[in-house]
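Have a look at the structure below before the remarks.
Residue numbers (our numbering), protein chains in the order written: chain H, 1 to 356; chain W, 1001 to 1362.
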């Protein structure tokens, strides 16, 4: 019985690897998984120990390349992450003087393991988009001891700033504030808002919620009809808006914290024949500037879309160049420029430039 | 006095029989929810005929929303009931495979272009492709469970973790958006018919499974395999085949759900589509009073269980309970159910009833 169980487990493991293998071979161009990256680095390590002469040559040949280890969240997480990952992949190439390895996970502990591996492999720079803010201190101290410089992108962590060189982030509070300022500028007599939130506790949710909550508290004519999390999910957003419509409450603004949820909300409005967008009864607001969302803006179906800039690679490149040329980074926290788009002023050019 | 007593006994035995019926468990839950809503706010039951933005007549109201949004869960409950009965375990990969089915559907519809002006293939072709793929993944789970004897939950864990990535690979990580209106018919309304299409699809699935269970030996064989695999083999059944078959049928259900989900918003988000639906599907089976350890099953009860879950969700939305607290309410339901159906509690309850009877007789 035990042998059977073991053999079954082995089979499962084999099937799993085959599965992973198939997926990779069909898609090497666009998505590499952490697994292939690991095998790649494993291979490299094996080569090093097996033939020391060639290894020496290797290092001589790749001496000009800057070794970077990039730890990111799963690119399938969202359109934002896909764009972010593609941007990183396009920047950190051999042509640009980098030898890059990637590791992906949505789990903090897996990310920490990957970071330790990169540090052991002796990367020059560790680029990190942490899944969680906590738990990074000891790894970053290891990195410092090993002479690996750390650059944070997209997400900050709770660690002493001396442990990293720079942090390139979006200011979610500013994103929320830009959106709320825009909404205030619409000059409605009364704001009855359906507020659809992202996954509770995420930085994007907190920033985008904070600005709106503050405004609602300060002004008597700003009311929240409902405030619910749809967890970035279009369908849940649709159900939430549907339930407000079914119970017959009045509303004139939908403030959705990402584009998917705004789309779900609009589906519910369409079903109930409630007009929305430019000249409509309900103002539709979304975030993340997906191309299709900006097209909705251009068509006048939505009113506003806030940007969350996924293109950090050029900023990181600049930081690395500065450090390599012996310069110092003056401002540790680099906040990226982010825009908000209005349906009345958006152009096709904006869509081509900023759509993700 | 005499007549009164016999009447009482007759009534109590009638109610006793009714209560012992498995279908009563989800029905009672549904009744409690309806009563709660009736007391709190009767407008819950209001149904109105309106027009959508395309000018087509549509019915709206909380009850319609429940029928509409509960469809996917009801369809999945059908397949999940069979898998539970045959294998004594559950498939936790249905959410991820729904993402795969939806992704295949969009891939065939869109071809290589993620933003097509016109559909590259008829919807029926895309749907059939999704069915084939979903059934293959179902068969994969089935083979792991039936041939390699891996615990169903462990076997399906593979696709639970890998499924959404596979779905993303199928479309090269792009998020296709379909602008063609005919696709929305499956998730919203067919012009001129005011009842949401998903409800019709769910009813069609129920009729099909009803006919299959009535006119084939599927029910008998599945239960036999679930109750005792060895004795069913000795009686000439092929447990391996029956188990794989149950997973393939679940795969078909998953493909149908994928169609509805994709159709609702004309696009797909691999990481959140049908998220956590596997837990709701299992809960529906449990709410239906079916033993999660396999064996006998009651399909009607599972389907009603699915609508109970949707009714609970919609009720909580209506009363603006924070939606991230929703799983907590579901957890309470699960705890109550599991405790009530635990053998220890049942024995105690039976002993208590027997004692009362003895006392009454005395």
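We put the CB at the ideal spot given by N, CA and C, even for glycine.
Exposed unless 16 or more other CB atoms sit within 10 angstroms - verdict on residue 1353/W: Against the second chain, residue 1353/W aligns to sequence position 353. A residue is called buried when at least 16 other Cβ atoms come within 10 angstroms of its Cβ; residue 1353/W does not meet this threshold and is exposed.
Residue ranges of each alpha helix (DSSP H) run of no fewer than 4 residues wholly in the segment 1175-1239 of chain W, ordered along the chain? Whole alpha helix (DSSP H) segments, 4+ residues: 1197-1215, 1218-1227, 1229-1234.
So, using beta-carbon positions, are residue 309/H and residue 336/H closer together than 8 Å? In the first chain, counting from the first residue as 1, residue 309/H sits at position 309. In the first chain, counting from the first residue as 1, residue 336/H sits at position 336. Contact: yes.
Look at the Cβ atom of residue 1294/W, then the Cβ atom of residue 1054/W, and state whether they are nearer than 8 Å. Position 294 of the second chain, counted from the start, is the residue given in the question as residue 1294/W. Position 54 of the second chain, counted from the start, is the residue given in the question as residue 1054/W. No; because the gap between Cβ atoms is not below 8 Å, this pair is not in contact.
Counting only beta-carbon separations shorter than 8 Å, does residue 339/H have a partner in chain W? Start at 1 with the first residue of the first chain, and residue 339/H comes out as number 339. With 8 Å as the cut-off, residue 339/H does not count as an interface residue toward chain W.
Quick check for students: name the residue ranges of the alpha helix (DSSP H) that lie wholly in the segment 1272-1301 of chain W, counting only runs of 4 or more. If only uninterrupted alpha helix (DSSP H) runs of at least 4 residues are considered, those enclosed by the segment 1272-1301 of chain W are 1277-1287.
Just checking, does the segment 117-133 of chain H make contact with the segment 156-167 of chain H on the three C-beta pairs under 8 Å criterion? A contact exists between the segment 117-133 of chain H and the segment 156-167 of chain H.
Only counting the same chain, and skipping five residues up and downstream in sequence, which positions put a Cβ closer than 7 Å to that of residue 1260/W? For the purposes of this step, residue 1260/W is taken as residue 260 along the second chain, with counting starting at 1. If we look at residue 1260/W and ignore the five residues flanking it on each side, its Cβ neighbours are 1071, 1072, 1186, 1187, 1198, 1201.
Identify every residue that forms a DSSP beta bridge with residue 72/H. Counting from one through the first chain, the residue named residue 72/H turns up at place 72. According to DSSP, which records beta bridges pairwise, residue 72/H is partnered with 104/H.
Alpha carbon to alpha carbon, how far is residue 1023/W from residue 1304/W? As a working note, residue 1023/W is residue 23 in the second chain. As a working note, residue 1304/W is residue 304 in the second chain. Going by the C-alpha atoms only, they are around 8 Å apart.
If the cut is a Cβ gap below 9 Å, which residues of chain H does residue 1061/W touch? Numbered from its first residue, the second chain carries residue 1061/W at position 61. Simply 246.
Interface residues of the segment 1309-1327 of chain W facing chain H [CB-CB below 8 Å]: If the cut-off is 8 Å between Cβ atoms, the segment 1309-1327 of chain W has 1313, 1314, 1317, 1318, 1320, 1322, 1323, 1324 near chain H.
In chain W, which residues lie less than 7 Å from residue 263/H when you measure between Cβ atoms? The residue labelled residue 263/H in the question sits at position 263 within the first chain. Within chain W, the residues near residue 263/H are 1265.
Counting only runs of 4+ residues fully inside the segment 226-274 of chain H, write out the alpha helix (DSSP H) ranges in chain order. As far as the segment 226-274 of chain H is concerned, its whole alpha helix (DSSP H) runs of at least 4 residues are 234-246, 259-271.
Quick check: what's the CA-CA separation for residue 105/H versus residue 1039/W? Taking the first residue of the first chain as 1, we reach residue 105/H at position 105. Taking the first residue of the second chain as 1, we reach residue 1039/W at position 39. Taking the straight line joining both Cα atoms gives about 48 Å.
By the three-class DSSP mapping on this structure, what secondary structure does residue 88/H have? By one-based count along the first chain, residue 88/H stands at place 88. Shown here, residue 88/H sits in a helix according to DSSP, grouped into three states.
Report the rounded CA-to-CA distance for residue 1091/W versus residue 1158/W, giving the unit in angstroms. As a first step, residue 1091/W must be located in the second chain, where it is residue number 91. As a first step, residue 1158/W must be located in the second chain, where it is residue number 158. Using only the alpha carbons, I get a separation of about 11 Å.
What separation, rounded to the nearest whole angstrom, lies between the Cα atoms of residue 172/H and residue 204/H? Numbered from its first residue, the first chain carries residue 172/H at position 172. Numbered from its first residue, the first chain carries residue 204/H at position 204. The C-alpha of residue 172/H lies about 6 Å from the C-alpha of residue 204/H.
Which term fits residue 1346/W, buried or exposed, when burial requires 16 or more other beta carbons within 10 angstroms of its beta carbon? Along the second chain, read from residue 1 onward, the residue named residue 1346/W stands at position 346. Residue environment analysis places residue 1346/W among the exposed positions, since fewer than 16 neighbouring C-beta atoms fall within 10 angstroms of its C-beta.
Quick one: which chain W residues come within Cβ less than 9 Å of residue 284/H? For the purposes of this step, residue 284/H is taken as residue 284 along the first chain, with counting starting at 1. Chain W residues near residue 284/H: none, gap ~13 Å exceeds 9 Å.
Buried or exposed for residue 360/H, please, with buried defined as at least 16 other CB atoms from any protein chain shown within 10 angstroms of its CB. Residue coverage of chain H in this structure runs from 1 to 356, which leaves residue 360/H outside it and unanswerable.
Decide if the segment 1053-1067 of chain W is in contact with the segment 1188-1195 of chain W; the criterion is three or more beta carbon pairs, one per stretch, under 8 Å apart. Output reads yes: the segment 1188-1195 of chain W touches the segment 1053-1067 of chain W.
Give me the residue from 146/H, 246/H, 331/H with the minimum Cα distance to residue 115/H. One-based indexing of the first chain puts residue 115/H at position 115. A check of alpha carbon separations from residue 115/H across 146/H, 246/H, 331/H identifies 146/H as the nearest.
Run the CB neighbour count on residue 290/H, radius 10 Å, all protein chains shown included, and call it buried at 16 or more, exposed below. In the first chain, counting from the first residue as 1, residue 290/H sits at position 290. Residue 290/H comes out buried.
Alpha carbon to alpha carbon, how far is residue 103/H from residue 111/H? Give it in angstroms, no decimals. In the first chain, counting from the first residue as 1, residue 111/H sits at position 111. In the first chain, counting from the first residue as 1, residue 103/H sits at position 103. Taking C-alpha positions only, residue 111/H is separated from residue 103/H by approximately 8 Å.
At least 3 beta-carbon pairs within less than 8 Å: the segment 320-330 of chain H vs the segment 181-193 of chain H: Short answer: they don't touch.
Go ahead and pull the three-state DSSP assignment for residue 149/H. For the purposes of this step, residue 149/H is taken as residue 149 along the first chain, with counting starting at 1. The answer is strand: DSSP assigns residue 149/H an E or B state.
Under 8 Å: do the segment 289-303 of chain H and the segment 252-268 of chain H share three or more Cβ pairs, one atom per stretch? Touching, per the Cβ criterion.
Compare the C-beta of residue 323/H with all C-beta atoms of chain W and state if any pair is closer than 8 Å. Position 323 of the first chain, counted from the start, is the residue given in the question as residue 323/H. Judged by the 8 Å Cβ criterion, residue 323/H is not in contact with chain W.
Partners in chain H for residue 1177/W, counting only beta-carbon separations shorter than 8 Å: Start at 1 with the first residue of the second chain, and residue 1177/W comes out as number 177. Within chain H, the residues placing a beta-carbon under 8 Å from that of residue 1177/W are 292, ordered along the chain.
Using DSSP's beta-bridge definition, name the partner residues of residue 222/H. Translated into the one-based positions of the first chain, residue 222/H becomes position 222. For residue 222/H, DSSP records a beta bridge to 191/H.
Buried versus exposed, by CB contacts within 10 Å (16 or more), residue 29/H: By one-based count along the first chain, residue 29/H stands at place 29. Low per-residue confidence applies at residue 29/H: pLDDT is 35, beneath 50, and the placement is therefore not dependable enough to give any value.
How about residue 1114/W and residue 1042/W: are their beta carbons less than 8 Å apart? Mapped onto the second chain, residue 1114/W falls at position 114. Mapped onto the second chain, residue 1042/W falls at position 42. No.
Below 7 Å, is the gap between the Cβ of residue 155/H and the nearest heavy atom of the ligand FAD? Summarising the ligand content, the structure contains no ligands, and the ligand FAD is consequently not present.
List the endpoints of the continuous beta strand (DSSP E) containing residue 334/H. Numbered from 1 along the first chain, position 334 holds the residue referred to as residue 334/H. 333-335 is the span of the beta strand (DSSP E), which, as asked, contains residue 334/H.
Thinking C-alpha only, which one of 69/H, 88/H, 79/H, 94/H is nearest residue 101/H? For the purposes of this step, residue 101/H is taken as residue 101 along the first chain, with counting starting at 1. Comparing Cα positions, the closest option is 69/H.
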